[in-house]
Amino acid sequence: MNNIKQLREAAGMKQSELADRMNVRPPTVFKWENGMANPTIANLIQLAEIFGVSLDEVVGRKTNAQKGGVVDGEKASYVV
Numbered sequence: 001m002n003n004i005k006q007l008r009e010a011a012g013m014k015q016s017e018l019a020d021r022m023n024v025r026p027p028t029v030f031k032w033e034n035g036m037a038n039p040t041i042a043n044l045i046q047l048a049e050i051f052g053v054s055l056d057e058v059v060g061r062k063t064n065a066q067k068g069g070v071v072d073g074e075k076a077s078y079v080v
């Protein structure tokens, strides 16, 4: 979940500010950013909304379309 830290820093937010917006404690954000805990699905959705990005971007997944690729004629197939 290192993308959470990158997204937060790009938004110019402190961990405490993100924690306030998410209604969690700052140590929770620290744990997410350092791989010590994972956010719930509801938290991931909220993070995506706060930062104005897709869930894929929050969790660090890229689609083939984002990579510029096409698989079997289908765009936006997921790559793990």
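Numbering-wise, full-length UniProt numbering puts 71 at position 71 of the sequence shown, and it's gapless, one number per residue. We treat Cβ as the ideally placed atom computed from N, Cα and C, and that holds for glycine. Keep in mind the model is a prediction, meaning the values are calculated, not measured.
In the structure shown, the three-state DSSP call for K31 is helix. With the rule of 3 Cβ pairs closer than 8 Å, the region 15–31 does not count as touching the region 52–60. For A48, the uninterrupted alpha helix (DSSP H) run begins and ends at I41 to F51, by DSSP. Taking C-alpha positions only, A10 is separated from I41 by approximately 22 Å.
Around the beta carbon of E49, fewer than 16 other beta carbons lie within 10 angstroms, which makes this residue exposed. With 16 or more neighbouring CB atoms inside 10 Å of its own CB, R8 falls in the buried class. Separation of the CB atoms of M13 and N43 is rounded to 15 Å, and the pair is thereby denied contact status at 8 Å. A check of alpha carbon separations from K5 across S54, G35, V24 and R25 identifies G35 as the nearest.
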